[in-house]
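Trainee:
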Amino acid sequence: MDLVEIVAERTGTSQERAKIYVEMAKQRALAHTNRTVYITAMDFCVADLACAMYFREGMVGESSHSEGGITSTFQSSTYEDILSTLNNLRLIRAGGIVHEKKPEGNQ
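Going letter by letter, the sequence shown gives residues 6 to 112 in this note's numbering.
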């Protein structure tokens with residue numbers, strides 16, 4: 006199963022919509038780790054992040070929501086908790102430059 010199928014299954018959304026969330030989550034993971042090349046070690050966190058982004062859609066900035074007698078409270082640190090698991094994949098800056106080993110191949 007690829008990431009799009011996993012996110013679509015977990016969220017109950019279409020493959021097309023899941024693909025959008027997976028791409029957004031990949032970009033956020035790359036930015037967090039200071040990388041330009043996606044590595045498969047990020048897959049688990051990207052799937053979790055895509056699902057969290059899907060479930061928080063339309064509720065940006067809210068910490069709780071009440072409608073029709075039903076109250077929902079949101080964790081404010083959901084993204085931070087997921088991204089913190091990527092910390093061991095982060096590349097550090099040395100002298101203002103990120104040193105990333107690029108994969109060799111037909112580029």
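Yeah, the Cβ is synthetic: ideal placement off N, Cα and C, and Gly gets one too. On a predicted model such as this, the values are computed, not experimentally measured, just so you know.
1. Quick check: the Cα distance between valine 117 and glycine 100, rounded to an integer number of angstroms?
2. How far does the alpha helix (DSSP H) with serine 77 in it extend, from its first residue to its last?
3. Which residue marks the beginning of the alpha helix (DSSP H) containing methionine 29, and which one marks its end?
4. Distance check for leucine 54 and isoleucine 87, CA to CA, integer angstroms please.
5. Are the beta-carbon atoms of glutamine 20 and valine 27 separated by less than 8 angstroms?
6. At what residues does the alpha helix (DSSP H) containing threonine 16 begin and finish?
7. I need the straight-line Cα distance from arginine 95 to glycine 74, nearest angstrom please.
8. How far does the alpha helix (DSSP H) with valine 51 in it extend, from its first residue to its last?
Mentor: So, to answer that:
1. Nothing in the structure corresponds to residue 117, since the chain is present only between 6 and 112.
2. Counted from its first residue, the sequence shown places residue 77 at position 72. Unbroken run through serine 77 is the beta strand (DSSP E), 75 to 78; no alpha helix (DSSP H).
3. The residue given as residue 29 occupies position 24 in the sequence shown. It spans 20 to 38 - the alpha helix (DSSP H) in which methionine 29 sits, taken as one unbroken run.
4. By 1-based counting over the sequence shown, the position of residue 87 is 82. By 1-based counting over the sequence shown, the position of residue 54 is 49. Their backbone Cα atoms lie some 6 angstroms apart in a straight line.
5. Here residue 20 refers to the residue found at position 15 when the sequence shown is read from its first residue. Here residue 27 refers to the residue found at position 22 when the sequence shown is read from its first residue. Remark: C-beta atoms of glutamine 20 and valine 27 do not approach each other more closely than 8 angstroms.
6. Working through the sequence shown from its first residue, we reach residue 16 at position 11. Note, threonine 16: alpha helix (DSSP H), 8 to 16.
7. Here residue 95 is taken as the residue at index 90 of the sequence shown, counted from 1. Here residue 74 is taken as the residue at index 69 of the sequence shown, counted from 1. Arginine 95 and glycine 74 have their C-alpha atoms some 43 angstroms from each other.
8. For the purposes of this step, residue 51 is taken as the residue at position 46 of the sequence shown. If you look at valine 51, you'll find it in the alpha helix (DSSP H) that goes 48 to 60.
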